[in-house]
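Trainee: Mapped onto our numbering, the consecutive letters of the sequence shown carry residue numbers 9 to 123.
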Amino acid sequence: CQLTEEGTIPEDIFNKAMVTSAEDACARAEKIGFPIMVKASEGGGGKGIRKATNMEELKVAFTNVFTEVPGSPIFLMKMVSKARHLEIQIVGDEYGNTLALNGRDCSTQRRFQKI
9 CQLTEEGTIP
19 EDIFNKAMVT
29 SAEDACARAE
39 KIGFPIMVKA
49 SEGGGGKGIR
59 KATNMEELKV
69 AFTNVFTEVP
79 GSPIFLMKMV
89 SKARHLEIQI
99 VGDEYGNTLA
109 LNGRDCSTQR
119 RFQKI
């Protein structure tokens, strides 16, 4: 996809990727397969993200995400099991100089917060 001049995803492509109802989520899940994650783009701290392993769980997950983060766009993602979540902080300047400050394994969480 070609980004806009502002560096964002074009609105028509963004809108096609969103799911807007539990029924829409179920139709797309048939194509993607399970397990699947339902994710509100404006969520955080454990809010707005749920795992579903079947259609019934997906309907409940969509409703929960929709309620937890009202007005946020919602997306489905194929879940990758046994993956690690790593974050690295990088600082850069206008001259192209970059420096990786540190990294952390965010796979371990307690009460939906990274440890």
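Note that CB positions come from ideal geometry on N, CA and C, so glycine has one too.
Determine the burial state of residue 96: buried for a count of at least 16 other Cβ atoms within 10 Å of its Cβ, exposed for fewer.
Mentor: Position 88 of the sequence shown, counted from the first residue, corresponds to residue 96. Residue 96 is exposed by the Cβ-count criterion.
Trainee: Near residue 99, what residues of its chain come up, given a Cβ to Cβ distance below 8 Å and the 5 sequence neighbours on each side ignored?
Mentor: To locate residue 99, count along the sequence shown from 1; it is residue 91. 106, 107, 109, listed in sequence order.
Trainee: Please report the distance separating the alpha-carbon of residue 123 from that of residue 111.
Mentor: As a working mapping, residue 123 is identified with position 115 in the sequence shown. As a working mapping, residue 111 is identified with position 103 in the sequence shown. With a pLDDT of 48 at residue 123, under the threshold of 50, the modelled position of that residue is not reliable, and the figure given next carries that caveat. Taking the straight line from one Cα to the other gives about 13 Å.
Trainee: Counting along the chain, where does the beta strand (DSSP E) carrying residue 112 start and finish?
Mentor: Residue 112 sits at position 104 when you count from the first residue of the sequence shown. First-last of the beta strand (DSSP E) with residue 112: 106–113.
Trainee: Answer yes or no: do residue 80 and residue 31 have a C-beta to C-beta separation smaller than 7 Å?
Mentor: Numbered from 1 along the sequence shown, position 72 holds the residue referred to as residue 80. Numbered from 1 along the sequence shown, position 23 holds the residue referred to as residue 31. The answer is no: Cβ separation not under 7 Å.
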